[in-house]
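**Q** For what it's worth, this note's numbering labels the leading residue of the sequence shown as 143, then goes sequentially. Quick reminder that beta carbons are idealized off the backbone N, C-alpha and C, glycines included. None of these values were measured; they are calculated from a predicted model. One structure coming up, written as structure tokens, with questions to follow.
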Amino acid sequence: MTTKINVKGFECAVATYPGSSTLTYMIYPALEQLESKWLQRMSDMHKENIAMVYVPADDWNDVLTPWAEPGEVKGWPPFAGKAPEFLKILQEEILPEVEKICGLPENFTRNLIGVSLSGLFTLWQWMQEDTFRSIACLSGSFWYAGFLDWFEKQSIPQKSGMAYFLLGEEEPHTNVKAYQSVGRNTETIVERLKNAGIDVNFEWVPGNHFSRPVHRAEKALAALDPTSAG
């Protein structure tokens, strides 16, 4: 059964798998909500709890960015850089409420999947926190101004989990100049993590930034599932 709750204005859908010691969170825009039946099917397939945290579309550019920056296209609104505040809400408000529903054992595993700006947020928080064991960044917005410089200045933390990255083959060929660095920036990030001994998997897949979002979410869940054959 999938349970829906609202925590501090963030809609969450939680699919439970009784007896599971894994809970994977997925941060998605509210306009791209994945159906509850799909969520429960994925939970049953991977024998884990899965929680979708939906960020309102109007807040997407603000709550997931680590620092304020101007919009990348003339006339677009600026990014507010409220990721530190959102991370605190996630850790102190959302996670406890979601985890009340799941019936988890004391030593359970948390993972996190993000897409686009929430993919950026996912790596940004993982570099600083141990809240989530493993992460997946789907089309992570690693073009974000100053992010690669910030990443390269950070010490790579020791991690017991793994990091999965996915990028569409057409994404670096966008007409928006600022976004064209996403391919080489992702490759730089992956290489540095690998050199530091992190377990990393990176896939180029067909399509652009918006192609086959459900299929990509399924690939991320499979990548983080140690029992998965694919």
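#1: Using 10 angstroms around the beta-carbon of Lys301, count the other beta-carbons present and answer buried if the total reaches 16, otherwise exposed.
#2: Measuring CA to CA, which of Leu165, Met143 and Ile340 is closest to Pro238?
#3: How is Thr166 classed by DSSP in three states: helix, strand or coil?
#4: So for Leu309, helix, strand or coil by DSSP?
#5: So, using beta-carbon positions, are Asn350 and Ala365 closer together than 8 Å?
#6: When you compare only the Cα positions, how much space is there between Met143 and Val332?
#7: Tell me where the alpha helix (DSSP H) around Arg354 begins and ends.
#8: Just curious, the beta strand (DSSP E) that Val156 is in, first and last residue?
#9: For Glu311 versus Trp346, is the C-beta spacing smaller than 8 Å?
#10: If you reduce the DSSP assignment to three classes, tell me which class Leu366 lands in.
**A** Considering the structure as presented:
#1: buried
#2: Leu165
#3: strand
#4: strand
#5: no
#6: 37 Å
#7: It is not in any alpha helix (DSSP H) - Arg354 carries neither H nor E in the DSSP assignment.
#8: Phe152 to Ala157
#9: yes
#10: helix
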